[in-house]
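Asker: This is the structure, below, for whatever I ask next.
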Amino acid sequence: MSKELTSREEDYSQWYNDLVIKGGLADYSAVRGCMVIKPYGFALWENMRDQLDKMFKETGHVNAYFPLFIPKSFLSKEAAHVEGFAKECAVVTHYRLMNDPNGKGIIVDPDAKLEEELIVRPTSETIIWHTYKDWIQSYRDLPLLINQWANVVRWEMRTRLFLRTAEFLWQEGHTAHATKEEAIEETEKMMNVYADFVEEFMALPVIKGVKTASERFAGAVDTYCIEALMQDGKALQAGTSHFLGQNFAKAFDVQFLTKENKLEYVWATSWGVSTRLIGALIMAHSDDQGLILPPKIAPFQVVIVPIYKGEESKVIIDAKANEIMASLKTLGIRVKYDNNDHSRPGWKFAQYELQGVPVRLAMGLRDMENNVVEIARRDTKEKSSMLMEGLAENVKNLLDEIQQNMYNKALAFRTEHITNADNWDEFVKLLDEKGGFISAHWDGTAETEDKIKDQTKATIRCIPIDNKLEDGFCILSGSPSVQRVLFARAY
RNA sequence: CGGGAUGUAGCGUAGCCCGGUUAUCGCGCCUGGUUUGGGACCAGGAGGUCGCAAGUUCGAAUCUUGCCAUCCCGACCA
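Just so we're aligned, residue -9 is where the first sequence starts under the numbering used here, counting upward by one.
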């Protein structure tokens, strides 16, 4: 852990911003609350996106694309939904600009006011369900399993690179089913897909669970989630999958004829993960030297840095490096050879550590004489010499080991930071001094949940799936409780 | 929207309290050379509406007022 829990929140913000900006992933832009994702950051997102997309397709989904703009009236059709999003919507009111008659630049043409305002989508349920109404007539049209990769806008009051920007990239799946059971199954299936992705590819263990009513998605019957733990002891919601019941079907009048020729409303789900996952990745794995990216999604898994004196030795090392690169590529390893003459080896070492490249190979004439390369792993910062013979296979194995080690380390940290609290004083003390998830009894009421949030800033992150039942008493109200739930302070 | 802070070159900054030559320093950038096993060195060079506007003054980066923007904390949220 690179930052102690006792240090101030501002220090984390600074640490985190430095990682994002100096690590070359993204930066603030000219637009308030919006970020520029730089090529390196986008390459990371693309790797994550491609893998997720593959997993969606393996579970029977297809991609489509729906409009960025949503007529205002659509948003208000589902009461809870509009209630949840109204406060953070960007609204398009006009469609034309004109030169200021007073010669002061350009102004909005007052004559170009839209009949009905358009909302820049904060999420796409409404426009999609409006469309689904036309697509669904019979049970033969079901299930409808569609995903879209898109950007959405939520006008947050306070933003943070990747974790909460005004505009962000995500995917949103929207499915329609003939039965409640099938829809619930889909909701759980996608939560599992997310969990598998985050654990296997991002090397980040997550807790699968169900949200309480107050943390539920606006318009959902049930919200399933995966919750991850960051190094400062705060939790982060890494993905959500919603069982929407028939709420949207009823709001948008989406009915179908069953085999028995009965007219019924369809059952819906929606699920999404966003570029916020990159924020999770950064906060969970990085150290004070910079990012540490899991090999499976790192833009470059290996960087080769040549160490040469003069043009003559450069040519020799280039040849060898190209040979190594070819053998690594044969095994599907993403490798970069940096023989840029403008910066020296030391600078490159530091730079690639900052950028979190999992493995670095350094090679000079001395190594070539001994038929070895210097190999350094980012996760543990260990350096050693590796024989040229079987190098590619050994690097591949090392990448697997790093991936596993990162996961194990994160898992050990999380395991260490799930703590039972059996009374209020213990609960508060744990939150303040240790952080992490706190497993405690709760009486099941929204009132108690609110009070706990007001007093401690901790929220119920989830009720874990397959939570074991256990009689006890609520830590705040003292009322009887049948199970523990997970509390944490969260991003 | 409340509280706090900050705006000076691409980035980070000094100067401001106490107004006075040509606005300081570092990084980065450009040119040439020497270098290259953990963020090189020497020499030369380019780069500025001091956030914007008004005011006070012989004179404003510096004082006054207004505005704007950004960051951090809070509320809101993925």
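For glycine and all other residues, C-beta sits at the position ideal for the given N, C-alpha and C.
Mapping the DSSP letters down to three states, classify residue 101 as helix, strand or coil.
Answerer: Three-state result, residue 101: helix.
Asker: From the DSSP output, which residues share a beta bridge with residue 36?
Answerer: Paired residue(s): none; residue 36 is not in a bridge.
Asker: Only counting the same chain, and skipping five residues up and downstream in sequence, which positions put a Cβ closer than 6 Å to that of residue 283?
Answerer: Closer than 6 Å at Cβ, skipping near neighbours: 346.
Asker: Could you tell me the alpha carbon to alpha carbon distance between residue 249 and residue 169, rounded to whole angstroms?
Answerer: Distance between the alpha carbons of residue 249 and residue 169 is about 12 Å.
Asker: Using three-state DSSP, classify residue 432 as helix, strand or coil.
Answerer: Coil, per DSSP.
Asker: Return the Cβ separation of residue 200 and residue 452 in integer angstroms, given the expectation that the two are a contact with Cβ distance under 8 Å.
Answerer: Residue 200 to residue 452, Cβ: 6 Å. Contact.
Asker: Any chance the segment 179 to 198 sits against the segment 41 to 53, with 3 or more Cβ pairs inside 8 Å?
Answerer: Contact between the segment 179 to 198 and the segment 41 to 53 is present, because at least three Cβ pairs lie under 8 Å.
Asker: Per DSSP, what kind of secondary structure is residue 256 in: helix, strand or coil?
Answerer: Reduced to three states, the DSSP call for residue 256 is coil.
Asker: Of all the beta strand (DSSP E) runs that stay within the bounds of the segment 194 to 250, which reach a length of 3 or more residues?
Answerer: Whole beta strand (DSSP E) segments, 3+ residues: 197 to 200, 212 to 219, 225 to 235, 245 to 247.
Asker: Report yes or no: do three or more beta-carbon pairs, one from the segment 409 to 424 and one from the segment 381 to 399, lie closer than 8 Å?
Answerer: At 8 Å Cβ cutoff, the stretches do not touch.
Asker: For residue 377, count neighbouring Cβ atoms within 10 angstroms of its own Cβ and tell me buried if that reaches 16, exposed if not.
Answerer: So residue 377 counts as exposed.
Asker: Please confirm if the segment 294 to 303 is in contact with the segment 236 to 246, defined as three or more CB-CB distances below 8 Å between the two stretches.
Answerer: Contact fails: fewer than three Cβ-Cβ distances are below 8 Å.
Asker: With a 10 Å radius around its C-beta and 16 neighbouring C-beta atoms as the bar for buried, classify residue 120 as buried or exposed.
Answerer: Label assigned to residue 120: buried.
Asker: Closest to residue 212 by C-alpha separation, out of 196, 222, 221, 260, would be which residue?
Answerer: Comparing Cα-Cα distances from residue 212 to each of 196, 222, 221, 260, the minimum goes to 260.
Asker: Nearest-angstrom Cα distance between residue 145 and residue 327?
Answerer: Cα to Cα, the separation comes out at about 41 Å.
Asker: Any idea if residue -7 is buried or exposed, counting beta-carbon neighbours within 10 angstroms, 16 or more meaning buried?
Answerer: With a pLDDT of only 36 at residue -7, under the threshold of 50, the placement of this residue in the model should not be trusted; the figure read from the coordinates follows. Flag for residue -7 reads buried.
Asker: If we count the other Cβ atoms within 10 Å of its Cβ and call it buried at 16 or more, is residue 338 buried or exposed?
Answerer: Buried, by the Cβ-count rule.
Asker: Assess, as a yes-or-no matter, whether the segment 107 to 121 is touched by the segment 26 to 37 under the definition of 3 or more beta carbon pairs within less than 8 Å.
Answerer: These segments do not touch.
Asker: Below 8 Å between beta carbons: does that hold for residue 274 and residue 316?
Answerer: Cβ distance not < 8 Å, so residue 274 and residue 316 don't count as in contact.
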